[in-house]
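A short worksheet on the structure shown next.
Numbering (my numbering), first residue to last: 2 to 101.
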């Protein structure tokens with residue numbers, strides 16, 4: 002077996018890693034705040050209280066590693082979703098009490 006063939010599996014693995022990293026970066030670059038809020042609002046409507054609506058949700062920027070915080074509030078109950086730049090929910094919690 003010639004020496005260049007020894008490097009072929011390593012080069013193929015490096016090419017695959019580069020492709021995956023490129024796709025992840027492309028996805029992060031194309032995701033907008035509106036899309037992130039819409040995704041959290043959809044989750045809220047599916048799993049939230051009876052009568053939950055997408056318009057109950059608002060978003061605000063946050064500090065790293067959290068990119069955006071989406072709060073979906075209705076009366077005295079708020080669902081808070083902290084999302085990263087890839088649109089993944091890092092933390093989700095329910096907060097009770099008067100909402101301002």
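For each residue, glycine too, the CB sits at the ideal point set by N, CA and C. Predicted model, so just to flag it, every value in this text is computed and none were measured.
key: Which listed residue (64, 40, 65, 51) has its alpha carbon closest to that of residue 58   = Nearest of 64, 40, 65, 51 to residue 58, Cα basis: 40.
request  = Quick one: which unbroken alpha helix (DSSP H) runs of 4-plus residues sit fully inside the segment 21-69? Chain order, please.
outcome  = As far as the segment 21-69 is concerned, its whole alpha helix (DSSP H) runs of at least 4 residues are 34-48.
request  = Please determine, among 50, 84, 46, 16, the residue with the shortest C-alpha to C-alpha distance to residue 70.
outcome  = For residue 70, the closest alpha carbon among the candidates 50, 84, 46, 16 is that of 84.
task = Starting from the Cα of residue 36, find the closest Cα among 50, 89, 18 and give me that residue.
result = Nearest of 50, 89, 18 to residue 36, Cα basis: 89.
request  = Check each candidate in 52, 92, 62, 12 and name the one with the smallest Cα separation from residue 76.
outcome  = In terms of Cα proximity to residue 76, the closest of 52, 92, 62, 12 is 52.
inquiry  = Within 10 Å of its beta-carbon, does residue 72 have 16 or more other beta-carbons around it, so buried, or fewer, so exposed?
reply    = So residue 72 ends up on the buried side.
ask   = If you drop the 5 nearest sequence neighbours on each side, which residues of the same chain put their C-beta closer than 8 Å to that of residue 25?
value = Once the five neighbours on either side are set aside, the close Cβ partners of residue 25 are 87.
request  = State yes or no: is the C-beta of residue 55 within less than 8 Å of the C-beta of residue 46?
outcome  = Yes. Within cutoff.
query = Can you give the Cα-Cα distance for residue 22 and residue 74, rounded to whole angstroms?
reply = Straight-line Cα distance between these residues: approximately 36 Å.
ask   = Exposed or buried, residue 92, counting other C-beta atoms within 10 Å across all chains shown (16 or more means buried)?
value = With fewer than 16 Cβ atoms within 10 Å of its Cβ, residue 92 is classed as exposed.
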